[in-house]
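Participant: Take a look at the following structure, please.
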Amino acid sequence: MIRETNEETSLEIIPEEKIGDFNCTENDVSIHSQIFSVKNYSGEVKLSQDHSESMWLSKEDLEKYDLALIVKLFFNLM
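All residue numbers for the sequence shown refer to my numbering, where the first residue is 13 and numbers rise by one.
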């Protein structure tokens with residue numbers, strides 16, 4: 013997870029604790045996510061070529077965006 017986060021965002025993270033496992037199927041694709049809290053991070057977001065944008069959002073702002081099903085499930089937006 014540390015390596016993957018760095019590859020995708022250029023951020024260096026220190027995971028704090030595992031929050032849980034989340035599973036769903038969206039568009040006939042099974043998705044499994046392990047969610048961790050991160051207490052500290054360093055660096056600035058520089059996205060890999062796999063992504064076109066990023067943003068920091070408050071939980072209250074999440075409903076304004078068309079998010080992946082797994083994100084909605086995690087934040088109990090469904």
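Backbone N, C-alpha and C define an ideal beta-carbon position, used for all residues, glycine too.
Are Y53 and I31 closer than 8 Å when you measure CB to CB?
Facilitator: no
Participant: According to DSSP, simplified to helix, strand and coil, what is K58?
Facilitator: It is coil, neither helix nor strand.
Participant: At 3 residues or longer, what runs of the beta strand (DSSP E) sit wholly inside the segment 28-81?
Facilitator: Counting whole runs of 3 or more residues, the segment 28-81 contains the beta strand (DSSP E) stretches 41-54.
Participant: Could you check whether the Cβ of G55 sits closer than 7 Å to any heavy atom belonging to the ligand ADP?
Facilitator: Looking at this structure, you won't find the ligand ADP or any other ligand, since it has none at all.
Participant: Give me the Cβ distance between T21 and K58, rounded to the nearest whole Å; I'm assuming they're in contact under 8 Å.
Facilitator: 7 Å
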